[in-house]
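In the working numbering, the protein residues as written are 222 to 615. Every residue gets a Cβ at the ideal spot worked out from N, C-alpha and C, and that includes glycine. The block underneath contains the structure these notes are about, expressed in structure tokens.
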């Protein structure tokens, strides 16, 4: 078990990445751990300390549950990128007229970033839901922008539709810096109005002074996802993928009808998949798609071939070595494979792919749900309409 900080110890605690900070025993805002850690506000996604009226922000805690399908915040631990949506999450208000002032804060800090005035930008402390009561996990200290994202894409206003009403909200991109532990001494310095002290992390000071980002990049160890990790835990994702299974179960073309859908899902997952062709069925009952993956800019891109294998199965029926070996055996030199399933890959098959270093990407049921969410499909009705329009029963 990792580090677990008790509620009564929060006011003296350092902030360590992946440590869990306990919520209080009461079922109200007094049990919020973030406000105890930072002396900031105790509700909402943006927890500001400082004056909002004149932009005298001292710090901001950001809270995310990472499971909201309408606002899919994402922490990319392999790149240090943090995608966070603003706080105008309902119709009837202007983009910047939110009660907590979160979008106004985003507008201000990204303006300062683009002007090169980083000294005016407060540190952001990122917390996520732990899954137990009000406990939170510290994900790191963040700054606006990311080295891979240009200044026209790091903060964008997007349109949303809710109950037939349109409204705008922000999608912002931050970098979680390579800081393992934030010392309590620095947090207290900030609370007292002294941000630039010897207690500040050197990575954060370097970013303020030079604009250099040093992301917290965590390389994955060789591991495979369990069945539980591959099947959607979110009820909405579960229902959306289940709708896909049911649609193709009753399709006149049977499982083969799912292959075009799977190829489209792969393209939705990564826009660098520029084309694909479905091949005719093989004697063993399988059928492939082959396609091209683009690397680089359009004018001088390199194109890599890939092969795709798909399985439309119920959640209780996984794919084993026989299924994955079929794809692996048909990969040619310098090709990679994509295996798409509405269910899961067995432990043995997944372990073999990882251990032997086969260039095969697994797209499981939970991944399909996430792909749909990121493209705006967040209800079963949306998905059924999408299926009926693109893959009708003829």
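{"Check": "Span of the alpha helix (DSSP H), counted from its first residue to its last, around residue 568", "Outcome": "568-576"}
{"Check": "Nearest-angstrom beta carbon gap, residue 393 and residue 336 [assumed within contact, 8 Å]", "Outcome": "So it is not a contact: roughly 17 Å between Cβ atoms."}
{"Check": "For residue 498 and residue 514, the rounded distance between their alpha carbons", "Outcome": "13 Å"}
{"Check": "Burial state of residue 329, where buried means 16 or more other Cβ atoms lie within 10 Å", "Outcome": "buried"}
{"Check": "Minimum C-alpha distance to residue 584 - residue among 483, 355, 240", "Outcome": "483"}
{"Check": "Coil, strand or helix - residue 519 by DSSP", "Outcome": "helix"}
{"Check": "Supposed close pair residue 257, residue 231 - CB separation, criterion 8 Å", "Outcome": "4 Å"}
{"Check": "The region 548-558 in contact with the region 476-495 per 3-pair CB rule at 8 Å", "Outcome": "no"}
{"Check": "Which listed residue (375, 263, 522, 318) has its alpha carbon closest to that of residue 302", "Outcome": "375"}
{"Check": "Residue 461 versus residue 603 - alpha carbon distance", "Outcome": "9 Å"}
{"Check": "Exposure label - residue 530; buried when at least 16 CB within 10 Å", "Outcome": "buried"}
{"Check": "Chain-order list of residues whose beta-carbon lies under 6 Å from that of residue 377 (same chain, five-residue window excluded)", "Outcome": "392"}
{"Check": "Neighbour-count burial assignment, residue 596, 16 or more Cβ in a 10 Å radius", "Outcome": "exposed"}
{"Check": "The region 440-448 touching the region 270-285, judged by at least three CB pairs closer than 8 Å", "Outcome": "no"}
{"Check": "Reference residue 427; option with closest CA among 480, 339, 371", "Outcome": "339"}
{"Check": "Rounded C-alpha distance that separates residue 507 from residue 458", "Outcome": "For residue 507, the predicted model reports a pLDDT of 49, less than 50, meaning its position is unreliable; a value from the coordinates is still stated below. Computed Cα separation, rounded: 27 Å."}
{"Check": "Residue 317 at chain C interface by Cβ criterion, 7 Å", "Outcome": "Protein chains in the displayed structure number just one, and chain C is not present."}
{"Check": "From 299, 292, 589, residue whose alpha carbon lies closest to that of residue 438", "Outcome": "299"}
{"Check": "4-residue-minimum alpha helix (DSSP H) runs that sit fully inside the region 408-470, ordered along the chain", "Outcome": "423-431, 448-451, 456-470"}
{"Check": "Close-in-space but distant-in-sequence residues of the same chain around residue 580 (CB under 6 Å, 5 per side omitted)", "Outcome": "557"}
{"Check": "Simplified DSSP state of residue 612, which is helix, strand or coil", "Outcome": "coil"}
{"Check": "Rounded separation between residue 357 and residue 474 - CA only", "Outcome": "48 Å"}
{"Check": "Option in 577, 285, 310 with minimal Cα separation from residue 387", "Outcome": "310"}
{"Check": "Residue 320 versus residue 283 - alpha carbon distance", "Outcome": "15 Å"}
{"Check": "As assigned by DSSP and simplified to three states, the class of residue 616", "Outcome": "With the chain running from 222 to 615 in the structure shown, residue 616 is simply not present."}
{"Check": "Check: residue 560 C-beta below 6 Å from any heavy atom of the ligand NAD", "Outcome": "Questions concerning the ligand NAD fall outside what the structure shown contains, since it holds no ligand whatsoever."}
{"Check": "Burial state of residue 238 (16 or more Cβ within 10 Å)", "Outcome": "buried"}
{"Check": "Straight-line gap, residue 521 to residue 496 (C-alpha atoms, nearest Å)", "Outcome": "17 Å"}
{"Check": "Element boundaries [alpha helix (DSSP H), containing residue 254]", "Outcome": "254-259"}
{"Check": "CB contact flag (residue 533, residue 612, <7 Å)", "Outcome": "no"}
{"Check": "Proximity of residue 184 and residue 564 at Cβ, strictly below 7 Å", "Outcome": "Residue 184 is absent from the structure shown; the chain starts at 222 and stops at 615."}
{"Check": "Where residue 382 falls, given that 16 or more other Cβ within 10 Å makes a residue buried", "Outcome": "exposed"}
{"Check": "Test item: CB-CB of residue 620 and residue 363 under 7 Å", "Outcome": "Since the first residue of the chain shown is 222 and the last is 615, residue 620 is not available in this structure."}
{"Check": "For residue 599, the nearest candidate out of 287, 291, 226 (CA to CA)", "Outcome": "291"}
{"Check": "According to DSSP, residues forming a beta bridge with residue 295", "Outcome": "304"}
{"Check": "Top-ranked residue by Cα proximity to residue 570, from 587, 549, 590", "Outcome": "549"}
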